[in-house]
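Undergrad: Residue numbers (the numbering used here): 57 to 451.
The beta carbon of each residue, even a glycine, is placed where N, CA and C say it ideally should be.
All values reported here derive from a predicted model rather than from experimental measurement.
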Ligand code: SAH
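#1: In the DSSP assignment, what are the bridge partners of residue 245?
#2: Buried or exposed: which applies to residue 262, given that a residue is buried once 16 or more other Cβ atoms fall within 10 Å of its Cβ?
#3: Sorted by chain position, which residues of the same chain lie with C-beta nearer than 7 angstroms to residue 119's C-beta, five sequence neighbours on each side aside?
#4: For ligand 1, is there any heavy atom lying closer than 7 angstroms to the beta carbon of residue 333?
#5: Specify whether the stretch 401 to 408 and the stretch 335 to 355 touch according to this definition: at least 3 beta carbon pairs, one from each stretch, less than 8 angstroms apart.
#6: I need the boundaries of the alpha helix (DSSP H) containing residue 421, first residue and last residue.
#7: Indicate whether residue 270 and residue 291 have their beta-carbon atoms separated by less than 8 angstroms.
#8: Just the C-alpha distance for residue 71 and residue 362, rounded to the nearest angstrom, thanks.
#9: The beta strand (DSSP E) with residue 284 in it runs from where to where?
#10: Quick check: what's the CA-CA separation for residue 396 versus residue 342?
#11: From residue 105 to residue 130, what distance separates their C-alpha atoms?
#12: Give me the Cα-Cα distance between residue 426 and residue 81, rounded to the nearest whole angstrom.
#13: Return the residue from the list 288, 225, 62 and 204 that minimises the CA-CA distance to residue 212.
#14: Tell me whether residue 151 is buried or exposed, calling it buried when 16 or more other Cβ atoms sit within 10 Å of its Cβ.
#15: Helix, strand or coil for residue 104? Go by DSSP, reduced to three states.
#16: Alpha carbon to alpha carbon, how far is residue 431 from residue 328? Give it in angstroms, no decimals.
#17: Take residue 103 as the anchor and find which of 93, 125, 94 and 114 has the nearest alpha-carbon.
#18: Does residue 240 pass the burial test, meaning 16 or more other C-beta atoms within 10 Å, or should it be called exposed?
#19: Between the Cα of residue 50 and the Cα atoms of 294, 287, 204 and 400, which residue gives the shortest distance?
#20: Go ahead and pull the three-state DSSP assignment for residue 117.
#21: Is residue 345 buried or exposed, if buried means 16 or more other CB atoms sit within 10 Å of its CB?
#22: Whole-angstrom Cβ separation of residue 235 and residue 320, contact assumed at under 8 angstroms?
#23: Compute the distance between the beta-carbons of residue 139 and residue 196, then report whether it is under 8 angstroms.
#24: For my contact list, residue 424 and residue 439 are in at a C-beta cut-off of 8 angstroms; report their separation, rounded to the angstrom.
#25: Verify the contact flag: residue 303, CB atom, against every heavy atom of ligand 1, threshold strictly below 7 angstroms.
#26: Threshold first: 4 residues or longer. Then list the alpha helix (DSSP H) segments lying entirely within the stretch 302 to 376, N to C.
#27: Taking a contact to mean a Cβ-Cβ separation below 8 angstroms, would you say residue 365 touches residue 312 in this structure?
#28: Measuring CA to CA, which of 84, 91 and 100 is closest to residue 65?
#29: Skipping 5 residues on each side, what residues in its chain have a beta carbon closer than 7 angstroms to that of residue 78?
#30: So the candidates are 447, 418, 451 and 435; which of them puts its Cα closest to the Cα of residue 73?
#31: Could you give the first and the last residue of the continuous beta strand (DSSP E) run that contains residue 447?
#32: Kindly list the residues whose CB is nearer than 7 angstroms to the CB of residue 194, restricted to its own chain and excluding five residues on each side of it in sequence; keep chain order.
#33: In this structure, does DSSP put residue 130 in helix, strand or coil?
#34: Would DSSP call residue 390 helix, strand or coil?
#35: Under three-state DSSP, which class holds residue 214?
#36: Beta strand (DSSP E) containing residue 159: first to last residue?
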């Protein structure tokens with residue numbers, strides 16, 4: 057019989073319902089399971105712990121599907137899981153806020169390695185585990201039945217996938233991708249480049265934090281760093297910002313941002329954008345004695361895991377220190393980290409250190425996280441990857 061037996065004492069995280077089994081925790085794999093097979097996991101004493109998908113080459117060698125011994129992992133199981141995930145979003149009333157939302161958020165929805173984002177009637181799926189890979193066709197059929205999409209697009213091109221020995225795969229899986237895909241978020245329009253954009257095409261997780269910026273931008277000179285497709289800039293403009301400088305190092309991102317400015321009929325005279333490295337740009341602005349009233353720092357993931365935390369901390373410290381220096385007294389810094397390897401506490405400490413070194417005193421006026429369509433399972437704290445601090449520098 058196929059089964060995994062853990063080393064003595066290595067059952068603790070599973071007993072807390074954390075869904076990952078690292079290869080180092082495994083004592084014995086019996087019955088020669090293939091990658092993607094569902095295998096029961098037992099303690100060294102022979103007690104059942106979970107049913108999980110096995111992947112021999114990955115650092116996370118098993119990812120849990122179910123904690124119930126009598127639960128069968130079959131088509132009906134995935135139908136239940138997807139139905140529950142979709143119902144959660146429906147209960148939150150997200151469709152009133154946006155025509156784009158995350159329908160499945162991996163481990164948080166009990167489907168480790170699966171992300172499904174909805175952009176109007178297009179679904180984008182991202183597969184990051186061998187277990188999901190095995191059930192790909194089943195999952196596609198269920199998504200078609202439950203969501204009635206016009207297109208399903210695959211963006212399985214994350215680095216994590218390569219780490220796990222899965223090759224990258226992207227393209228239309230079903231239907232036809234509309235040429236000019238847009239979503240409507242809090243009354244604003246955004247172009248979504250599902251095929252070539254970052255993530256699955258848009259940063260759905262920042263929706264509410266962008267909306268907050270709209271309420272703070274009136275008459276402000278705004279600097280939006282790492283702007284991607286200009287989300288925060290569009291909201292700031294809508295909120296009555298005096299001027300907005302948007303910076304990103306990607307030409308493609310800025311091209312999308314300009315499309316979004318046009319789509320929303322933005323006042324182009326108040327807008328500037330620069331294709332530049334933010335680390336250098338902030339120094340240049342400091343040397344030019346430029347000052348702003350509202351600065352947004354939303355960098356890419358500096359620390360995918362805790363192992364990268366020290367290096368990432370230096371990056372966060374650097375940009376936040378420069379950000380504080382560029383703010384006028386009374387100015388606002390909206391600063392984010394989407395690194396799983398950086399905890400809330402650590403992020404706050406880094407930002408506090410940056411303020412100290414910049415010689416400013418600041419208050420936290422809001423603590424932010426990802427939108428609720430990226431729910432955080434209590435037993436899976438890694439799900440709390442996005443953290444944000446809204447700070448006001450003292451006058
Ligand atoms: N705030 C955006 C998402 C930002 S994602 C939103 O709400 O949609 C991070 C962005 O940082 C990406 O667009 C990426 O191109 C950009 N980027 C990464 N490294 C950079 C660097 N060193 N300088 C400038 N931009 C960078």
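TA: To lay it out plainly:
#1: Walking along the chain shown from the start, residue 245 turns up at place 189. Beta-bridge pairing links residue 245 to 240.
#2: In the chain shown, the residue the question calls residue 262 occupies position 206. Answer is buried; the Cβ neighbour count reaches 16.
#3: In the chain shown, counting from the first residue as 1, residue 119 sits at position 63. 75, 76, 108, 109, 168, 169, 185 and 187.
#4: Against the chain shown, residue 333 aligns to sequence position 277. The answer is yes for residue 333.
#5: no
#6: By one-based count along the chain shown, residue 421 stands at place 365. It is not in any alpha helix (DSSP H) - residue 421 instead sits in the beta strand (DSSP E) that spans 418 to 425.
#7: To locate residue 270, count along the chain shown from 1; it is residue 214. To locate residue 291, count along the chain shown from 1; it is residue 235. For residue 270 and residue 291, yes; Cβs fall inside 8 angstroms.
#8: Stepping through the chain shown from its first residue, residue 71 is reached at position 15. Stepping through the chain shown from its first residue, residue 362 is reached at position 306. Cα to Cα, the separation comes out at about 22 angstroms.
#9: Counting from 1 along the chain shown, the entry for residue 284 is found at position 228. That residue, residue 284, is in no beta strand (DSSP E); it is neither H nor E in DSSP.
#10: For the purposes of this step, residue 396 is taken as residue 340 along the chain shown, with counting starting at 1. For the purposes of this step, residue 342 is taken as residue 286 along the chain shown, with counting starting at 1. Note on geometry: alpha-carbon atoms of residue 396 and residue 342 lie some 30 angstroms from one another.
#11: The sequence position of residue 105 within the chain shown is 49, counting from 1. The sequence position of residue 130 within the chain shown is 74, counting from 1. Going from the Cα of residue 105 to the Cα of residue 130 covers about 19 angstroms.
#12: Looking up residue 426 in the chain shown gives position 370. Looking up residue 81 in the chain shown gives position 25. Spanning the two alpha carbons is a distance of roughly 31 angstroms.
#13: What you label residue 212 is simply residue 156 of the chain shown in a count that begins at 1. Nearest option by C-alpha distance: 225.
#14: Taking the chain shown and counting its residues from 1, one reaches residue 151 at position 95. Counting Cβ neighbours within 10 Å, residue 151 comes out exposed, since fewer than 16 surround it.
#15: Taking the first residue of the chain shown as 1, we reach residue 104 at position 48. Residue state, collapsed to three classes: strand.
#16: Position 272 of the chain shown holds residue 328. Position 375 of the chain shown holds residue 431. The straight-line gap from Cα to Cα measures roughly 35 angstroms.
#17: Position 47 of the chain shown holds residue 103. Cα-wise, what sits closest to residue 103 is 125.
#18: Locating residue 240 in the chain shown gives position 184, where the first residue counts as 1. Exposed, by the Cβ-count rule.
#19: For residue 50 there is no data in the structure shown, the boundaries of the chain being 57 and 451.
#20: The residue given as residue 117 occupies position 61 in the chain shown. If DSSP states are grouped into helix, strand and coil, residue 117 belongs with the strands.
#21: Your numbering for residue 345 matches position 289 in the chain shown. Under this definition residue 345 is an exposed residue.
#22: As a first step, residue 235 is located in the chain shown; it is residue number 179 there, counting from the start. As a first step, residue 320 is located in the chain shown; it is residue number 264 there, counting from the start. The pair is not a contact, with the Cβ atoms about 19 angstroms apart (cut-off 8 angstroms).
#23: Working through the chain shown from its first residue, we reach residue 139 at position 83. Working through the chain shown from its first residue, we reach residue 196 at position 140. Taking 8 angstroms as the Cβ cut-off, residue 139 and residue 196 do not qualify as a contacting pair.
#24: Looking up residue 424 in the chain shown gives position 368. Looking up residue 439 in the chain shown gives position 383. About 15 angstroms; that fails the 8 angstroms criterion.
#25: For the purposes of this step, residue 303 is taken as the residue at position 247 of the chain shown. Indeed, a heavy atom of ligand 1 lies less than 7 angstroms from the Cβ.
#26: 307 to 319 and 334 to 343
#27: By 1-based counting over the chain shown, the position of residue 365 is 309. By 1-based counting over the chain shown, the position of residue 312 is 256. For residue 365 and residue 312, no; Cβs fall outside 8 angstroms.
#28: Numbered from 1 along the chain shown, position 9 holds the residue referred to as residue 65. The candidate whose alpha carbon is nearest that of residue 65 is 100.
#29: By 1-based counting over the chain shown, the position of residue 78 is 22. Non-local beta-carbon contacts of residue 78 in its own chain, meaning distances under 7 angstroms to residues more than five positions away in sequence, involve 115, 116 and 117 in chain order.
#30: Position 17 of the chain shown holds residue 73. Checked all of 447, 418, 451 and 435; the closest Cα to residue 73 is 435.
#31: Working through the chain shown from its first residue, we reach residue 447 at position 391. Counting along the chain, the beta strand (DSSP E) containing residue 447 begins and ends at 443 to 449.
#32: Position 138 of the chain shown, counted from the start, is the residue given in the question as residue 194. Excluding residues within five positions, the ones whose Cβ falls inside 7 angstroms are 131 and 134.
#33: Mapped onto the chain shown, residue 130 falls at position 74. Residue state, collapsed to three classes: coil.
#34: Working through the chain shown from its first residue, we reach residue 390 at position 334. Residue 390: strand per DSSP, three-state reduction.
#35: Within the chain shown, numbered from 1, the residue matching residue 214 stands at position 158. Looking at residue 214 - three-state DSSP - the assignment turns out to be coil, as it is neither helix nor strand.
#36: In the chain shown, the residue the question calls residue 159 occupies position 103. Counting along the chain, the unbroken beta strand (DSSP E) around residue 159 starts and ends at 156 to 161.
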